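Here the structure comes first, spelled out in structure tokens, and everything after it is commentary.
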Amino acid sequence: MIEAVNRIARTTPGRQVATVGRLSAEPGAPNVIPGRVTFSLEIRDLEMAKIDRVFRDIRTEVRRIAARDGTTVGF
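In this text, residue positions in the sequence shown follow the working numbering: the first is 3, and each later residue adds one.
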């Protein structure tokens with residue numbers, strides 16, 4: 003999902019950027035597959051319409067990845 007954020011921001015025409023900031027994996031124990039992961043998403047551009055477009059594209063792709071992998075996602 004994080005790679006998708008980067009890919010979509012970089013391949014969409016324009017000068018927008020999208021970054022994943024904070025990342026939290028729970029329970030956070032060594033050698034344990036996390037049951038819950040939370041991350042922040044920031045999209046920047048001078049035009050709000052471009053931010054909305056990039057967000058919609060990211061949301062669509064993240065939901066597709068979640069469905070493929072049998073997990074849930076919230077925004």
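Virtual Cβ for every residue (Gly too), placed ideally from N, Cα, C. Computed from a predicted model, the values in this text were never measured in an experiment.
| Asked | Found |
| --- | --- |
| From V22 to A11, what does the alpha carbon distance come to, in whole angstroms? | 11 Å |
| Starting from I46, follow the beta strand (DSSP E) in both directions and report where the run begins and ends. | It is worth fixing the name first, because residue 46 is Arg in this sequence and not Ile. Here the beta strand (DSSP E) through R46 covers 38-46. |
| Look up A27 in the DSSP assignment and say whether it is helix, strand or coil. | strand |
| What is the rounded straight-line gap between the Cα of S42 and the Cα of L25? | 7 Å |
| Counting along the chain, where does the alpha helix (DSSP H) carrying V7 start and finish? | 4-13 |
| DSSP three-state call for V56: helix, strand or coil? | helix |
| Quick one: what's A20 bridged to in DSSP? | I45 |
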